[in-house]
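Asker:
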Amino acid sequence: MLAIAIPSGRLMDDCVKLFEASGIYFPREILESRKLSGISENLKFLVCKPKDVPIYVEYGTADIGVVGKDILLEENPQVYELHDLGIGRCKIVVAIPNDAKPEELFFKGDIIRVATKYPKIAREFFNKKGISIEILNLSGSIELAPVTGIADVIVDIVSTGRTLRENNLKVWEEIAISSARLIANRASLHIKAGEIKDILQRLKGVKPPL
Amino acid sequence: MRYLTPPPGFRDYLPEETERIRLVEDTIRRVTESFGYREVITPTLEYADVILLGTNTKDDTLLYKVIDRDGALLSIRPEFTTSIARLVTTRYKITDSPFRFYYVGKVFRNIPFQPLMQKEFTQGGAELIGEPSLSGDIEIISLIEEIFEKLGLVVHIEVSHAKIIPAIIEITNASILESIKNGDFVSIKSYIDDKNILSFLEALPFLSGGKEIIEEAYRYVRYIPGLEEPLSQLSLFISDLENLGYKRTKINLGVIRDFEYYTGITFEGYLEGLGLPVVGGGRYDGLLERFGMSLPATGFAIGVERVASKIVKDGSEPDLVIGYTKEKFREAMKLAQKKRNEGLKVETILCLDKNMLSSRRGRSKIFLC
Numbered sequence: 002m003l004a005i006a007i008p009s010g011r012l013m014d015d016c017v018k019l020f021e022a023s024g025i026y027f028p029r030e031i032l033e034s035r036k037l038s039g040i041s042e043n044l045k046f047l048v049c050k051p052k053d054v055p056i057y058v059e060y061g062t063a064d065i066g067v068v069g070k071d072i073l074l075e076e077n078p079q080v081y082e083l084h085d086l087g088i089g090r091c092k093i094v095v096a097i098p099n100d101a102k103p104e105e106l107f108f109k110g111d112i113i114r115v116a117t118k119y120p121k122i123a124r125e126f127f128n129k130k131g132i133s134i135e136i137l138n139l140s141g142s143i144e145l146a147p148v149t150g151i152a153d154v155i156v157d158i159v160s161t162g163r164t165l166r167e168n169n170l171k172v173w174e175e176i177a178i179s180s181a182r183l184i185a186n187r188a189s190l191h192i193k194a195g196e197i198k199d200i201l202q203r204l205k206g207v208k209p210p211l
Numbered sequence: 589m590r591y592l593t594p595p596p597g598f599r600d601y602l603p604e605e606t607e608r609i610r611l612v613e614d615t616i617r618r619v620t621e622s623f624g625y626r627e628v629i630t631p632t633l634e635y636a637d638v639i640l641l642g643t644n645t646k647d648d649t650l651l652y653k654v655i656d657r658d659g660a661l662l663s664i665r666p667e668f669t670t671s672i673a674r675l676v677t678t679r680y681k682i683t684d685s686p687f688r689f690y691y692v693g694k695v696f697r698n699i700p701f702q703p704l705m706q707k708e709f710t711q712g713g714a715e716l717i718g719e720p721s722l723s724g725d726i727e728i729i730s731l732i733e734e735i736f737e738k739l740g741l742v743v744h745i746e747v748s749h750a751k752i753i754p755a756i757i758e759i760t761n762a763s764i765l766e767s768i769k770n771g772d773f774v775s776i777k778s779y780i781d782d783k784n785i786l787s788f789l790e791a792l793p794f795l796s797g798g799k800e801i802i803e804e805a806y807r808y809v810r811y812i813p814g815l816e817e818p819l820s821q822l823s824l825f826i827s828d829l830e831n832l833g834y835k836r837t838k839i840n841l842g843v844i845r846d847f848e849y850y851t852g853i854t855f856e857g858y859l860e861g862l863g864l865p866v867v868g869g870g871r872y873d874g875l876l877e878r879f880g881m882s883l884p885a886t887g888f889a890i891g892v893e894r895v896a897s898k899i900v901k902d903g904s905e906p907d908l909v910i911g912y913t914k915e916k917f918r919e920a921m922k923l924a925q926k927k928r929n930e931g932l933k934v935e936t937i938l939c940l941d942k943n944m945l946s947s948r949r950g951r952s953k954i955f956l957c
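As structure tokens, then:
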């Protein structure tokens with residue numbers, strides 16, 4: 002039997018729809034209760050915090066998993082990335098206060114403080130640009146940081162851009178585009194190739210709901 | 589002093605675990621010796637430059653580094669193959685080849701800490717240097733299968749070829765190198781226009797099985813001519829292994845090991861229920877040339893602790909436990925001496941009363957009072 006790690010929260014709702022469209026049904030106890038694991042047909046579902054999905058897959062506790070590209074870029078886990086599921090689309094961006102002028106902000110030689118939950122992505126981006134930064138590692142409500150003055154800019158994901166707008170921020174540069182990916186454990190892909198291929202083909206057969 | 593426990597990535601092994609680790613090491617020694625390999629010991633520290641030259645990389649972030657008295661930058665060995673290549677090129681003549689060497693020892697890698705990924709771990713492996721033909725690669729796989737057979741473990745060895753990815757890169761000129769290295773089969777799509785080549789890349793992680801896989805992959809030789817040589821080598825290789833009765837080895841073109849280091853047959857081995865490989869290796873014909881001696885080579889390394897974690901074995905116990913009161917010290921020591929000379933493992937314990945013996949492990953117990 003295969004085990005699949007599913008991210009909890011918003012992305013899980015999209016997963017449920019996408020999987021149902023390809024004939025894979027989530028166990029009822031996961032949908033209707035607070036249980037975090039359950040079996041449906043020949044698939045064991047594990048519901049994890051999105052950031053933890055690659056951990057379960059890397060150790061082989063889950064053979065496959067669904068995770069955002071943003072997390073893969075940040076954590077760089079040793080897993081195979083097999084398919085773009087097309088759900089959970091968003092962009093990883095650098096956002097700055099509406100009234101800030103980038104050339105003054107970034108290129109006057111001051112050290113910029115960057116609030117983010119993606120310290121690795123942020124550091125690599127600014128290193129490439131040759132801009133000196135200090136990372137402030139936050140775990141949520143990143144948009145609050147420039148408003149309160151605890152940081153100058155943020156690196157975060159945006160989907161509609163509404164949160165940015167309502168907190169007086171604007172996109173300066175896009176770092177990467179992200180969407181949910183199907184990933185597989187390296188050993189499982191070898192030992193359980195047939196079962197994984199079957200699920201992959203079923204998921205490849207459906208269009209992501211927009 | 590910060591804590592009493594070892595730093596992250598380093599750990600103690602208690603007697604039960606240590607016995608399982610030693611069992612794996614002893615088996616590696618016995619089997620490789622039965623193939624005519626001889627053990628070598630190389631230094632724990634090497635010049636950092638030597639290590640980087642050997643692993644063919646500029647990235648030294650995974651190395652533990654030490655400054656020597658004269659200011660030279662040294663590195664604690666992250667693996668053995670480079671040291672053995674250096675040993676061969678500095679201590680032997682090319683006419684002495686082929687060389688069959690094996691090793692068992694600790695390696696150190698300064699990786700971010702994660703459970704199951706120790707920074708210090710034991711590698712046991714063998715290097716066959718100076719044997720250019722497939723028979724060398726077959727010998728290495730035979731060795732691995734024999735080792736796991738002796739350990740009573742079912743290993744799944746997945747074989748691929750280091751020339752496959754370069755063949756694709758050559759024909760497409762695509763910058764897919766980084767994606768492939770990261771196992772990212774999604775972003776390659778945006779780099780490759782040719783439908784046939786793309787469908788080969790997408791199929792790659794699932795091209796696993798027996799000889800039939802070679803036939804399936806052969807269909808793509810029309811689009812990627814560079815595939816022909818590695819595929820025909822793999823085909824011969826797998827047939828020979830089958831004829832010799834080695835059944836744990838399959839072809840899996842999805843196995844991607846560092847193709848800037850390896851030059852031919854490459855492989856990884858897995859055990860059921862362990863998400864990480866327990867053995868890996870392949871042909872690395874370019875390494876010794878970097879040290880000034882042009883010799884082909886192939887080899888493997890086993891992650892000893894990972895394998896040991898899958899061994900089922902009761903811990904050992906003394907054959908005899910002798911409890912004694914203070915007055916009986918001499919008598920107890922004499923008895924122990926005698927029994928040890930007879931080949932028994934004997935533990936002696938000073939006891940206040942007989943009850944103290946009951947909780948001790950031992951095949952038989954005597955209390956002298």
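From first to last, the protein sequence lines stand for chains L and D.
If you use the numbering used here, the first sequence corresponds to residues 2 to 211, in order.
If you use the numbering used here, the second sequence corresponds to residues 589 to 957, in order.
Note that the Cβ used here is the ideal one computed from N, Cα and C, for glycine as well.
Could you name the residues of chain L that Asn840/D contacts, counting a contact when the two beta carbons are closer than 7 Å?
Answerer: Here residue 840/D is taken as the residue at index 252 of the second sequence, counted from 1. Going along chain L in sequence order, the residues near Asn840/D (Cβ under 7 Å) are His191.
Asker: Could you name the residues of chain D that Val80/L contacts, counting a contact when the two beta carbons are closer than 8 Å?
Answerer: Translated into positions along the first sequence, residue 80/L becomes position 79. By Cβ distance, chain D contributes Gly771.
Asker: Kindly give me the distance between the Cβ atoms of Leu722/D and Gln821/D, rounded to whole angstroms, as I take these residues to be in contact under 8 Å.
Answerer: Position 134 of the second sequence, counting from 1, holds the residue named residue 722/D. Position 233 of the second sequence, counting from 1, holds the residue named residue 821/D. That pair is a contact at about 7 Å.
Asker: Are the beta-carbon atoms belonging to Gly857/D and Ile745/D less than 8 Å from one another?
Answerer: The count along the second sequence starts at 1 and reaches residue 857/D at position 269. The count along the second sequence starts at 1 and reaches residue 745/D at position 157. For Gly857/D and Ile745/D, yes; Cβs fall inside 8 Å.
Asker: Cβ of Phe794/D less than 8 Å from any chain L Cβ?
Answerer: As a first step, residue 794/D is located in the second sequence; it is residue number 206 there, counting from the start. Cβ-Cβ to chain L under 8 Å: yes for Phe794/D.
Asker: So is Asn929/D buried or exposed if we call it buried at 16+ other beta carbons inside 10 Å?
Answerer: Position 341 of the second sequence, counted from the first residue, corresponds to residue 929/D. Its Cβ having fewer than 16 others within 10 Å, Asn929/D is exposed.
Asker: At a Cβ cut of 8 Å, what residues of the region 743–761 of chain D count as close to chain A, listed as they run along the chain?
Answerer: Within the model displayed, chain A is absent; protein chains L and D are what it includes.
Asker: Work out the CA separation of Glu174/L and Ala96/L for me, nearest whole Å.
Answerer: The residue labelled residue 96/L in the question sits at position 95 within the first sequence. The residue labelled residue 174/L in the question sits at position 173 within the first sequence. Between Ala96/L and Glu174/L, the C-alpha separation is close to 7 Å.
Asker: Using the rule of at least 16 other Cβ atoms within 10 Å of the residue's Cβ for burial, across every protein chain shown, is Arg807/D buried or exposed?
Answerer: For the purposes of this step, residue 807/D is taken as residue 219 along the second sequence, with counting starting at 1. Its Cβ having fewer than 16 others within 10 Å, Arg807/D is exposed.
Asker: So with Cβ pairs under 8 Å, would you call Leu650/D a contact of chain L?
Answerer: Position 62 of the second sequence, counted from the first residue, corresponds to residue 650/D. It does not: the Cβ of Leu650/D has no partner Cβ on chain L nearer than 8 Å.
Asker: Establish whether the CB of Pro865/D and some CB of chain L are separated by less than 8 Å.
Answerer: In the second sequence, the residue the question calls residue 865/D occupies position 277. Yes, Pro865/D counts as interfacial toward chain L.
Asker: Residues of chain L with a CB under 9 Å from the CB of Glu766/D: which are they?
Answerer: Position 178 of the second sequence, counted from the start, is the residue given in the question as residue 766/D. Within 9 Å Cβ-Cβ: nothing; Glu766/D doesn't reach chain L, min ~11 Å.
Asker: Say whether the region 905–914 of chain D touches the region 928–943 of chain D, bearing in mind that this needs 3 or more beta-carbon pairs closer than 8 Å, one atom from each stretch.
Answerer: Segments in contact, yes.
Asker: Determine the contact status of Ala4/L and Asp100/L, defining contact as a CB-CB distance below 8 Å.
Answerer: For the purposes of this step, residue 4/L is taken as the residue at position 3 of the first sequence. For the purposes of this step, residue 100/L is taken as the residue at position 99 of the first sequence. Their beta carbons are not under 8 Å apart, which means Ala4/L does not touch Asp100/L by this criterion.
Asker: Who are Lys45/L's beta bridge partners in DSSP?
Answerer: By one-based count along the first sequence, residue 45/L stands at place 44. Ala4/L and Ile40/L.
Asker: Thinking C-beta only, is Thr677/D closer than 8 Å to Gly693/D?
Answerer: Locating residue 693/D in the second sequence gives position 105, counting from the first residue. Locating residue 677/D in the second sequence gives position 89, counting from the first residue. Not in contact: Gly693/D and Thr677/D (Cβ atoms no closer than 8 Å).
Asker: What residues in its chain sit with their C-beta under 8 Å from that of Ile726/D, if we drop five residues either side in the sequence?
Answerer: Mapped onto the second sequence, residue 726/D falls at position 138. Counting only Cβ-Cβ distances below 8 Å, and skipping sequence neighbours, we find Phe825, Asp828, Leu829 and Leu832.
Asker: In chain order, which beta strand (DSSP E) runs of at least 3 residues are fully inside the region 112–185 of chain L?
Answerer: Listed in chain order, the complete beta strand (DSSP E) runs (minimum 3 residues) inside the region 112–185 of chain L are 113–117, 134–138, 154–159, 170–179 and 181–185.
Asker: Does any C-beta atom of chain L lie closer than 8 Å to the C-beta of Val774/D?
Answerer: Counting from one through the second sequence, the residue named residue 774/D turns up at place 186. Yes, its Cβ sits closer than 8 Å to a Cβ of chain L.
Asker: Is it buried or exposed for Arg674/D, if we count other Cβ within 10 angstroms and need 16 for buried?
Answerer: Taking the first residue of the second sequence as 1, we reach residue 674/D at position 86. Buried, by the Cβ-count rule.
Asker: For Glu59/L, count neighbouring Cβ atoms within 10 angstroms of its own Cβ and tell me buried if that reaches 16, exposed if not.
Answerer: By 1-based counting over the first sequence, the position of residue 59/L is 58. Looking at its Cβ environment, which holds 16 or more other Cβ atoms inside 10 Å, Glu59/L is buried.
Asker: In terms of alpha-carbon separation, which member of Asp647/D, Asp656/D and Leu704/D lies closest to Lys893/D?
Answerer: The residue given as residue 893/D occupies position 305 in the second sequence. The sequence given here has Glu at residue 893/D, not Lys. Comparing Cα-Cα distances from Glu893/D to each of Asp647/D, Asp656/D and Leu704/D, the minimum goes to Leu704/D.
Asker: How many angstroms separate the CA atom of Ile112/L from the CA atom of Ala152/L?
Answerer: Counting from 1 along the first sequence, the entry for residue 112/L is found at position 111. Counting from 1 along the first sequence, the entry for residue 152/L is found at position 151. Distance between the alpha carbons of Ile112/L and Ala152/L is about 11 Å.
Asker: Given that Leu704/D touches chain L, what residues does it touch there, using C-beta distances under 7 Å?
Answerer: Position 116 of the second sequence, counting from 1, holds the residue named residue 704/D. Residues of chain L passing the Cβ test: Tyr60.
Asker: According to DSSP, is Asn840/D part of a helix, a strand, or is it coil?
Answerer: For the purposes of this step, residue 840/D is taken as residue 252 along the second sequence, with counting starting at 1. Three-state result, Asn840/D: strand.
Asker: In the DSSP assignment, find the unbroken beta strand (DSSP E) run with Ala660/D in it and report its ends.
Answerer: To locate residue 660/D, count along the second sequence from 1; it is residue 72. Looking at the DSSP string, Ala660/D is not in any beta strand (DSSP E), and its letter there is neither H nor E.
Asker: I believe Ile728/D touches Gly863/D by the beta-carbon criterion, under 8 Å. Please report the beta-carbon distance rounded to the nearest angstrom.
Answerer: The sequence position of residue 728/D within the second sequence is 140, counting from 1. The sequence position of residue 863/D within the second sequence is 275, counting from 1. Not confirmed; about 24 Å, so no contact.
Asker: Give the secondary structure of Ala714/D by DSSP, where H, G and I count as helix, E and B as strand, and everything else as coil.
Answerer: Looking up residue 714/D in the second sequence gives position 126. Strand.
Asker: If you drop the 5 nearest sequence neighbours on each side, which residues of the same chain put their C-beta closer than 8 Å to that of Phe598/D?
Answerer: As a first step, residue 598/D must be located in the second sequence, where it is residue number 10. These residues qualify, in order along the chain: Gln706, Lys707 and Glu708.
Asker: What in chain L is Cβ-close to Glu860/D, meaning under 8 Å?
Answerer: Along the second sequence, read from residue 1 onward, the residue named residue 860/D stands at position 272. The contacting residues are Ile192.
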